[in-house]
Each structure stands twice: as structure tokens, then as C-alpha cells.
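Protein chains in written order, with this note's numbering: chain D, 272 to 630; chain C, 272 to 630; chain X, 272 to 630; chain F, 272 to 630. Every residue gets a Cβ at the ideal spot worked out from N, C-alpha and C, and that includes glycine. Working notes, beginning with the structure itself.
There are 4 protein chains.
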Amino acid sequence: MSGKIRVGILGATGTVGQRFVQMLEHHPQFQVTALAASDRSEGKTYAQACQWRLAGDLPEFAKSLRVQAPKPPLPCDLIFSSLPSAGAQAVEEEFARAGYPVISNSSACRMLDDVPLLIPEVNHEHLRLLEVQRTSRSFAPGGFIVTNPNCSTILLALALAPLHARFGVSAVVVTTLQALSGAGYPGVASLDATDNVIPFIAGEEEKIESETLKILGRSKGDAIEAARFSISAQCHRVNVSDGHLAAVRVKLARSAGLDEVRDALASFTSLPQELRLHTAPERPLLVREEPDRPQPRLDRDAGHGMSVTIGRLMPDRVFDFRFVALSHNTIRGAAGAAILNAELLAATGHFASLRARTA
Amino acid sequence: MSGKIRVGILGATGTVGQRFVQMLEHHPQFQVTALAASDRSEGKTYAQACQWRLAGDLPEFAKSLRVQAPKPPLPCDLIFSSLPSAGAQAVEEEFARAGYPVISNSSACRMLDDVPLLIPEVNHEHLRLLEVQRTSRSFAPGGFIVTNPNCSTILLALALAPLHARFGVSAVVVTTLQALSGAGYPGVASLDATDNVIPFIAGEEEKIESETLKILGRSKGDAIEAARFSISAQCHRVNVSDGHLAAVRVKLARSAGLDEVRDALASFTSLPQELRLHTAPERPLLVREEPDRPQPRLDRDAGHGMSVTIGRLMPDRVFDFRFVALSHNTIRGAAGAAILNAELLAATGHFASLRARTA
Amino acid sequence: MSGKIRVGILGATGTVGQRFVQMLEHHPQFQVTALAASDRSEGKTYAQACQWRLAGDLPEFAKSLRVQAPKPPLPCDLIFSSLPSAGAQAVEEEFARAGYPVISNSSACRMLDDVPLLIPEVNHEHLRLLEVQRTSRSFAPGGFIVTNPNCSTILLALALAPLHARFGVSAVVVTTLQALSGAGYPGVASLDATDNVIPFIAGEEEKIESETLKILGRSKGDAIEAARFSISAQCHRVNVSDGHLAAVRVKLARSAGLDEVRDALASFTSLPQELRLHTAPERPLLVREEPDRPQPRLDRDAGHGMSVTIGRLMPDRVFDFRFVALSHNTIRGAAGAAILNAELLAATGHFASLRARTA
Amino acid sequence: MSGKIRVGILGATGTVGQRFVQMLEHHPQFQVTALAASDRSEGKTYAQACQWRLAGDLPEFAKSLRVQAPKPPLPCDLIFSSLPSAGAQAVEEEFARAGYPVISNSSACRMLDDVPLLIPEVNHEHLRLLEVQRTSRSFAPGGFIVTNPNCSTILLALALAPLHARFGVSAVVVTTLQALSGAGYPGVASLDATDNVIPFIAGEEEKIESETLKILGRSKGDAIEAARFSISAQCHRVNVSDGHLAAVRVKLARSAGLDEVRDALASFTSLPQELRLHTAPERPLLVREEPDRPQPRLDRDAGHGMSVTIGRLMPDRVFDFRFVALSHNTIRGAAGAAILNAELLAATGHFASLRARTA
């Protein structure tokens, strides 16, 4: 067991749950010791309960783990949650009350005032909210909830972060072309996907418009003051397996030249890179110069799926600049986001009380 | 021959050329009597020269027509041109000089000051430019050039036309998801299309940004005064066979309510509908209320491929309104556009001199 | 009501049910007056209950029809059934007992000894089984059950029929590449379809192997004597919306030349063509000579979706001949098959007692 | 340079050429020192000449290599050739005459009597033909030609090899569903691939039928005596990026039970596994028991793209057994095949004279 932190995965049989299992197979700090999912799967081994949809085989370690009910106690030190949003808040709070750190990819708690909506490169100072949770919530010591944003929001917020920091952002128009895996499994029917585009993803436009402003907001005392620029999102599902693409126009608060903007994006690094977190990509943003990049099939795995690739950066006739950004929606946009959050929490001492409890 | 106008098609073996042949097979006013294409095809029958890519068989009448060189004279009364833009201007002007009306889908002459860039429902008054051509060009009597816009521009300009007329438009942001057939044949390599999006179509963003302003411009004396709003286009190729989709945000010159905007779109009809032109759809714009429409596979053939379907119309957080619009790119966006142009020209007496010449 | 036969559709909201509604909208003999589906849909209008997945709009006539429970009585004279196979037999027999002719696309009753498994061009003499039903079943007068085969079997049996009749068939190896719509809606998950092939369709290989032999069997007294050749089927789901393709090798009972075989296929017509049944294609089998046909996108709609297109006919190194055959799986392979069956039954006097009952 | 063998790649800018560059980036024995391609690319750097179509970036080492003409001398010790078949024979023989070992993926020389058509696991004893080349050809010392089979043939021959060895094979019927990358780049037009199947790949059926018999033939004195069973191939292009799938029926020379057959396949290993060749998979054939495997997206990368995955093994009604087999067409079916061939040649002393020459 070698001193690794024992983790449990809620929603383990779903698309994102499978990514957690895959990404944690050889993780240096975390070891999966508990898998939980809905009633239908309970009591089965993971191999029986899970229709593995990722390339390659289900990792050997997970095959014989029994799927348990998603309620405490579970034989683990912290929780990764990828539960469907309905019902997720109650379950996640129950785990936090029982003293588990909950690192959630679910949308349920993202917009709660005292819950950090965390992208380690962007707003690690929002972790101050954990102190608010400690004092105002009835969570047992060590228990808390940290969330990561919606898959498209992560992509957008990462691309905007250095622009917002350096020039200020006053308006954003984003149009997404999102991959099928974002809808989970079975998700989108093939008859709807083939030779088609669906200009609708339930709740997605609202999530992007609200989450982005919280993420780019400032930590002020006990609260996050949301960023104040206006933002418009139109979302489309396209016939791509993995890799969300976003066409972005941005109006800056102060004028900037194309070279400054390119440099702000390309040179962006942050705390996870300084701390050399295991899942952190060397460069969060890769700026490509070819006229026809990024493309999902060619660029989604950049930085092991954790880098956002930006291309077609140029001045815009209506706003100041426009560009296209792409990232892997189930890695940087979901499982990898949560794992990076957990790595940051570990590196910043937020799991200090874990060992005491589990000893 | 029954009094039909005899037409010749330049670029007859290409994707759009094939649509011309298909759409004109049973046309009440036009009869295809000449097919022309590049050197490689010359002298072959159309059946030999053309790799027919549309569903169904190559129309019987066209099979044994000999493919000729694209230069006058051709045994026809008017010319439909879908030549590649390189070289198209010289060829089209040569035909006009020889007295042929040239109805062109090629991009070569679209932005010339004295050439109408025509969408019959939108700017039929731009046909006044034909008088400019008559006086300033050395075209033989009856010869002139009329063009239709780029496939994505048509879609956008049709959707904007009633808003521009009723409320004024002050800014437009459009993001397109365009079909593979827009690139012709062989066009996009399947390895680039499968499980992928390409965020680049050469020249497309510029065409949309410039052509839209010309189309929505006002005819003033001998010239068209381009519309003055700002417009930003980002274009993507997606894995769809036919049907371009555009996500649009629009800022209006004067404030308007959602119902007014919906009504302006849904009630839009124009001269082609009054004249009951053969290829004119009953309703140029169909406004759907379902949250997930329009979709290429379901809506591209609306109005026999000549209607634009609009959905997801709603207020926008950055601009005033947003919506998604879709149309069939090789019908309303190309061959059908040119044929409708020709029908308007016929109905408005612009082919008056044809019979004299061909008698 | 104009003397049309009133028809009810069981399973009306499914993929095949929608095709029935679409194909019957303007049918000269049948008029849809009843729509039935499972509990969830009951009481809703068809427009509310049905997520229409076919191109174009839901036909106006059907929008306000109330969806009823699939049990007699229904306000119609005959029943088209596209119920899921589980439970279909009981429901269909209940309707037959109540005196309704049941024309079923469901698999439930296909292999029953006294139920015709009918392809009008192939085995119309199997309708003699209806007399067996009349004497041995407790169906009310006018009530009976006729089925059509599985979508892939129809394709294969149609292609084999003239070979079997003229030369005898002694062995068949068939490998199918089947379209997504064959699995219904939502059916195959898009993540399984995109950039993929699934080499498995539950029960399909067995259905092809058994149904084909029954269809090509001889009517002998009260029974059908199944054909006796051996047959092997391997089935694959491919990323195609509509159109099943089958790669076929066939060993004939007596030797034949390539020209004889081609002629047997290309010249094949049968009773539906003689009777000029409304849905019967002019030619059941179209033999194409191009090396790369048939293709689903180009050939599935041949003969309004009712013709089978055959290509790549050539001698085979292991068996005698090989070819590729294609047809539209939800038209010739399902709804169209049942409608053609009903047209044959009408033309051959099997609905004689209808008017009496409904008067 | 660390004692690695210096290799040159002919056809370096093509789909297979790019795979060579990718697979050889970190190879322990080979180092790419020369890239050659057709006239258009000559003199450019590889980064300029090559439109890199594989996921990830073009390997750094290759970017600045100059593309040279495909003729000797080249600054390397051995040649990997993925030239188009037209003209390949002359070029490859020219290199062999100049003393280069030529490891070719091109089809040009495969069926020549004195050229090994090599799959290391299957017919390594065919390397005896190199002695025939040495004595009968005017190749300089060290020069020879070894080929690997067509991408589909490799898959089939690997699956048949243990059955042929243990039970004898008397007839084979194979139907392929082949990936787009097999046609190179740009290869198949996206309009032909989307929502479609193409039942034709030029020359493919003939190659499978002839190459398989040569590969499974016996080395007899100076010649290979082709295997004598009959074989029938039907080939289809499907909308899959990578991964060829083959539906196989096989008749054995002596009767065998299902368990024996499964065991023969699953336990198959050969010389490359004994020699622990770098690119050799641990298990050449993986037999899966799930009813719906193998699938291209899930199984093509098994064994780093070098294992063939077999599923749906069962008795057949016409032949003895049937199964579905899948492998990665540009790895095991092309670049990986050639590299494994080279590794075998290295391990068996066939490059002994290299160092002398290049010293």
C-alpha cells in the first residue's frame, strides 16, 4: 500500500468514472480502494458492473473490486465524485459530514457560495472557501467539498485566465463544438450523431455563462466576487468521440496587440507547474500557428490530455480578438481536472488530517 | 423543345454542377442543352466524364450529352457557371461578351462593383447594376453577369434580411459548422473528417464578412452602398454531408422584443414568393420552437432544400439576440440559388433578348 | 374517408412505426386511423408521444391522433404491427382473435408453422397457410397473422429467389454490414458507432439462417417445407444511418454461367409487379456494373427504397458466385415490406370480410 | 550515434511513411537518418514536405531532415520502403543492387519468386529465399529485398497460421471491413466515407487471395510452394480511421473441436516472441470472449498495435468455424510489419555485412 492515499470513486461505472480508474491506475499518490455506483451495480465486481468503453482493457486492479453503494463509510481516505447531478449534492455532503474530502466533477455543488470551483492554474486562492466550509458547515474534521467546472467551462476559463489577468476581459462570445463523450454513455443516440449536428446541450450554455464568472472572480474575505464581464455561449454537439472545441471572441478591458495576447497565452504557467504536480501539463496552453489547428483528433491528447490547444488567434472585426481552443473533455474537462485538484490539495496540506482518521 | 430556355452548365462535372443537372431535369422553364468542363472531360459523354455522387442515377437526358470546352459558343441561351474561382472571371466575361446571360455560383465576380450579388428574396433591386454593365462593359446585347453569394453567406444574409429591414443591424457574430459537400469532390479527405472538426475553410470567413455587407447594401444610383455594421465570422468544417449551420448573435440598431424578432423572421416573404417562382420556397425562413432544432440531417431538405430553418432564437447576454440557422449548402447555397436567380431574371424580363439571338 | 381501408399501427412511435406513418400518408388504399404504443405514450397525441426522427415534419394528419393502448378494439380495419418482439405474439394473436388481419414486422410469430413469412415477390403461395390459421386457430372471421422477415433476411432472400428458382442453391455464406436505424431509437450509442464497427447484432445471425430457409421453402399441403441448403451469416453494425449491405457467396445446385446468373437477377419480376401493387418497385433487383456499387448513401433509395441493388457480381474462388446486395432496411426491410404484404393481401381478396365487420 | 543501424525511409511523407517515423523515434536498434520521397518534396525539410496526420507532433528529430530523392546512395544502412506500387520495384531493386537491404511495405515485389513475403511469426523460414537472391540477382553484397504482405493479408495469415499448422486449412472465406487510413492520404473522399460503405478496394481481393497462399506455403529447396487451399475475399471500405476487421470462415483439413481451435489461436507464439524482438507483441493473437468484440476503436491498439484480436469464434453452418479478427492496419499491417521484419533480420544475422559497408 506504500503510503498512498486511498481513494474512492462515486459514479465509477460511468464515462468519467472509467477515466478516473484509467488515470489512477499508476498514480504515484493515489490508490483506488473503493468503487461506488447506483443500486443496479451494487455487489457486482467492477468487471461485471462496468461496460468498459475506453480503448484497451479494464485495469487489472479494478476488475475484482466490489461496487458499493455511494454512502459512507467507504474504505478510502478521499472521494472522487462523478455522480449524475440529480442527488449528487446530498451524497457529497453526506461524505463531507463524515469527514471525507470530496473532490467532485458533478455539477450539483459548483455554484454554492462556500464551495471552490477550482482550476488549479486559474484560481487556487479560492481554496480559502474551505475555511468557510469548516466554520459554517457541520462537516467532520477533514471533510470538505471541492468541485471542478463543466468540461467546456474549463477549456474557456483556462484560455481566458491569462488575458483576464493581464488585460482584463470585458465581454466574451463563445460557440462550442462538443464531443459525444461529454454526454456520457449511452448518451447521444448514433442516429442523432451520424451526418448531423445537434445545436443543444441541456443546461450547458447556462453553466458556461455562470461558472466562468465565478472561476475568474476574486476571493474577497469569505466570498468569491464573480467577474463582471458579459458572456454569451452557444453549444453544439458534433460527431466527434473526444475533444471539445470552442470558437471564442473576446473584448479586452484595455487595448493590447496581437503579439502581447499571443505571448500572454503561450507563456502562461501557474502554481501546478511550479509545484510539478503529477497530472499538471508542462504548458497549460499551447498556441499553434498552423491555419487549420487545433483539431480534435490531432490535438485532444496534447499534454496527456491536460493541455488546451489554441489556434487561429487573430484580431476580430467585432470584438478585439478571436481564437479557437480545444481540450480533452473527459481528461482536462473531467477526471483529470478532479485529479489535478486533488494533487493541489495534497501539495498544499489540505489532506493533513487524513492519516489520523484512517489510522 | 417546347419553348424552354436552353441552358449550358460550366463546371458541369463538379459537386455543384451535378446539382444543377439534377435540379434542372424537370424544370418547367429551363432545359439543359450544353455541359462544359475542364480539358480532362472534354469530348467524353457526361456519363463518362462525371463521377455522379448524388443519390439516385444520373438523369437519363444528360448521360449522352458531350462535355464541351467552357468557351463560347455553346448551344444554349444562358449559362449557369460553377467554375472554380481561379480563371472563372475571364471565362464568364467571355460568355457575357458573346451575349450570354451568365448566372454564376463562382466567387470570382461577386465583389465586382457592377455585378449583382443576388438573393432574390433580399436584394432584387440590385439588378439595376445590369444597366451599369450594359453601358460600361463591352458585353454583346443580352450578355451580363449575375452572381449568387457563398453558401454560408446566403444562409446568413437571408436570416438577417428581415431584421435589417425592420430593426436595423448594428453588429453580427457568426460561427459556422459547414458540411463536407461545400468543399466539392474529392474535397475534404475522410481521414480529416472522421472523428474530427477542422476550424478552417480557406477564404470563407473573409467572404462572409464582405459579401453579407454588399448583399444587405442599398442600391444608390449606379452603385451599391454596402451595409455598415461590423461582422465577425469563424468557420468550421464538420463531419456532415450536406447542410451548413450557423450560430448567430445579432445586435440591432433599435430595440426590439423577442416576439417582434420571431415574427419578422417567420413572416418574411418577398418577391420570389409573390411571383411564385418555381424554385422559391413557400417560406424562405422557417422558425422552429423545439429546443434541439435545426439539425442538418432533419432540416436541410426543408422547402425542397430552399428554406432556411431557424431555431434556438432567444435573447443574448452580450448582443441582443441569438439563434441558429441552417440551410442546404448545395441547393439554397449554390445550384438552387443560381436557378432561383435565373427564374427571377426570367420573370422580370431580363431574358427578353434571348429568343432573338437564338432564333 | 373515401373507401380506404382504415389501418392501425402498433408500436407507432418507434423507428419503424414512424416509417409506417410516413409511407401511409398518401397511400391510395390505406388510411391510418389508429396509433398504438406502450403505456408511456398512451393518451398523448402522436405529436406529443413521438420524437419524430425522420427528415421532414411529422405528417399533419397524425399529429393530433391520440396514442392508444395496443389492444382491441381499435378504430381500424387492419393492423400493422412493429411491436418489440417480447410480448408481440400475445398482442398480435389477441387482435387476430378479435377478427383483425395483423400484418406484422415483429419477429415474434415469424417462425410459427402456420404463419406466412411473406415476401410478395418470393413466396406468395405461402399465403395458403392462412387457411390453416382459419381452421386451427380460434381467430374470429377475417382475423389472421402475416409476417415479413427480418430486414437483412429480406435483402438476402430477394437476391437468392431467382437463383434458387432457376438453378437451385446448395450453400450460402453471407456477411452483413448493417445500418444504425436497424437497431431502432435510441438504439446504438454514438460512442459505439463513431470510428467503429460492432461485430454483433443480437439474434441476427440466427434469424437470417432460419428465416431464409423458411421463405425459400415450398408450400406442401398444410405446411411449408423449408429449403435445405446450408447457410452461414456473420453480422456487423457499421456507421451508416440507413441501408443494409450484404456480401454474399452462393453455391448453386446446377452449374450456371455468369451471364445466366446476371440475367436471372436482372430480369426478376413477380406477382407484385404484375399486379402493379402501389409499393412494388418496377424492378425488385437492380444489377449495377460499376465496380464500386452498391453504396448505402447512393443506392438505398433506389425504387423508392423498395429495390435491392446488386453489384460486384462475379465468379468466386470457393463457391460459384459472389456479389454485394443492398437495400433500405426500414423501407424494403420493414415498413415497406409490411405495406407491400398488405397490398398483396388486398389484391388477392384476403380482406374480403373487412367491410362486413366494420360496417 | 551509439551503434544504431541507420535507416532510410522511402515514401516518407505518406501515411505509412509517417508511421515509420513515429515508430522509429525511440527504437533501440534503428535510427532514421534519411528520408526520401517523390520530386515534389525533394529538398524541403520533412517539416515542410510532410502534412503530419498522426496525433501529436511530428517528432523533433525528423523536422529538419531534408527530404531526398529515392535513389541510392542515401546516408543510411538499410531501407524501409513504403513507395506507391507503381515504380517501386525498379527503385527497390536499384537500392538492393547498391548493397542496401530493402525492407519493403510496397506491393511491387511481394509475389516475385525469390522475394520473401514475410510475417516473422508465420514463415520466417522463407528467408531462405535471400540465398536465392544472392546467387541469382546482381545485388551488391548485403543487398536484398524482403517484403511484408498487404495490411489485410497480414491479419488473415496471422489468424490462419496456427490453424494451418495444427489442423490444415482446406478453404477460407474472408470478408473485410477496412479502415480509411489503408487508402493513404488524402485517400478516400469524405463524401464517399460519411454515412456510407464502399464495397470495393482496387486490387485488394486479389492480393488477399494470392498473398495468403504464398505466406502459408512451404519453403522447398529454392522455392516457396504455395499453400493449396481455396480462398475467397470480398473487401469493403468502412468509415473507420484505423483498424481492419475481417469476418472469416474456415474449413479445416482435419476435424477439430472448438476448444482445440481456440487453444491453437490463443496459445500461438513464435520466433519473434522467443527472440523478444522489440516490436513483437507478447501474444500475436488475443482471443476475446465478449460477444461484441473485437471493435476497431477499442482493440486496434492491442499489443501496441501489433496484436491481432480475435472474437466471435464459433462453429459455422457452412464451413467448420467462423470468427472475426482485427488489427491495426498501419502498425501491424504496414510500418510495424516492416520494422518487425527488420528486427528479425537483425536478430538472425542478415545485417552482418552492414557495418563493413558503412564503416
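Going straight from the alpha carbon of residue i to that of residue j, what length do you get?
| i | j | result |
| --- | --- | --- |
| residue 281 of chain X | residue 359 of chain X | 10 angstroms |
| residue 403 of chain C | residue 496 of chain C | 15 angstroms |
| residue 301 of chain F | residue 550 of chain F | 12 angstroms |
| residue 588 of chain X | residue 521 of chain X | 11 angstroms |
| residue 468 of chain D | residue 586 of chain C | 22 angstroms |
| residue 296 of chain C | residue 569 of chain C | 25 angstroms |
| residue 441 of chain C | residue 604 of chain C | 25 angstroms |
| residue 582 of chain X | residue 435 of chain C | 53 angstroms |
| residue 578 of chain C | residue 566 of chain X | 29 angstroms |
| residue 590 of chain D | residue 613 of chain F | 57 angstroms |
| residue 382 of chain C | residue 284 of chain C | 25 angstroms |
| residue 384 of chain F | residue 479 of chain F | 17 angstroms |
| residue 357 of chain C | residue 379 of chain C | 7 angstroms |
Mind checking which residues open and close the beta strand (DSSP E) that includes residue i?
| i | result |
| --- | --- |
| residue 447 of chain D | 440-449 |
| residue 506 of chain C | 501-508 |
| residue 277 of chain C | 276-281 |
| residue 540 of chain F | It is not in any beta strand (DSSP E) - residue 540 of chain F carries neither H nor E in the DSSP assignment. |
Three-state secondary structure (DSSP) at residue i?
| i | result |
| --- | --- |
| residue 585 of chain X | strand |
| residue 622 of chain C | coil |
| residue 352 of chain C | strand |
| residue 713 of chain D | Only positions 272 to 630 of chain D appear in this structure, which leaves residue 713 of chain D out of reach. |
| residue 617 of chain F | helix |
| residue 495 of chain X | strand |
| residue 472 of chain D | coil |
| residue 340 of chain C | coil |
Return yes when at least one heavy atom of the ligand GDP lies under 6 angstroms from the C-beta of residue i, else no.
| i | result |
| --- | --- |
| residue 293 of chain C | As far as ligands go, the structure on display features none, and thus does not contain the ligand GDP. |
Excluding the 5 residues preceding and the 5 following residue i in the sequence, name in chain order all residues of the same chain whose CB lies nearer than 8 angstroms to its CB.
| i | result |
| --- | --- |
| residue 393 of chain D | 428, 429, 432, 486, 487 and 541 |
| residue 517 of chain F | 423, 426, 427, 430, 445, 446, 447, 448, 595, 596 and 597 |
| residue 502 of chain D | 442, 443, 444, 445, 479, 480, 483 and 484 |
| residue 405 of chain C | 415 |
Give me, in chain order, the residues of the same chain whose beta-carbon lies closer than 6 angstroms to that of residue i; leave out the 5 immediate sequence neighbours on both sides.
| i | result |
| --- | --- |
| residue 341 of chain X | 281, 307 and 362 |
| residue 290 of chain F | 601 and 606 |
| residue 372 of chain C | 349 and 415 |
If I measure Cβ to Cβ from residue i and keep anything under 7 angstroms in the same chain, skipping five residues before and after, which residues do I get?
| i | result |
| --- | --- |
| residue 710 of chain C | Here chain C covers residues 272 to 630 and nothing more, so residue 710 of chain C does not appear. |
| residue 368 of chain X | 409, 410, 411 and 414 |
| residue 293 of chain C | 325 and 330 |
Alpha helix (DSSP H) containing residue i: first to last residue?
| i | result |
| --- | --- |
| residue 434 of chain X | 422-437 |
| residue 362 of chain F | 359-368 |
| residue 265 of chain C | Here chain C has residues from 272 to 630 only, and residue 265 of chain C is not among them. |
| residue 292 of chain D | 286-295 |
| residue 403 of chain F | 400-407 |
What residues from the stretch 325-359 of chain F come within 9 angstroms of chain D, judged by C-beta to C-beta, listed N to C?
325, 326, 327 and 328
Closer than 9 angstroms, Cβ to Cβ, to anything on chain F: give me those residues from the stretch 566-580 of chain D, in chain order.
568, 569, 570, 571, 572 and 573
Interface residues of the stretch 453-481 of chain F facing chain D [CB-CB below 9 angstroms]:
Listed in sequence order: 465 and 466.
Chain X contacts made by the stretch 368-396 of chain D, where a contact means CB separation under 8 angstroms:
none
Name the residues in the stretch 593-605 of chain X whose C-beta lies less than 7 angstroms from a C-beta of chain F; which are they?
593 and 595
Under 7 angstroms (Cβ pairs) to chain F, residues found in the stretch 519-539 of chain X
Of all residues in the stretch 519-539 of chain X, only 520 come within less than 7 angstroms of chain F when Cβ atoms are compared, listed by chain position.
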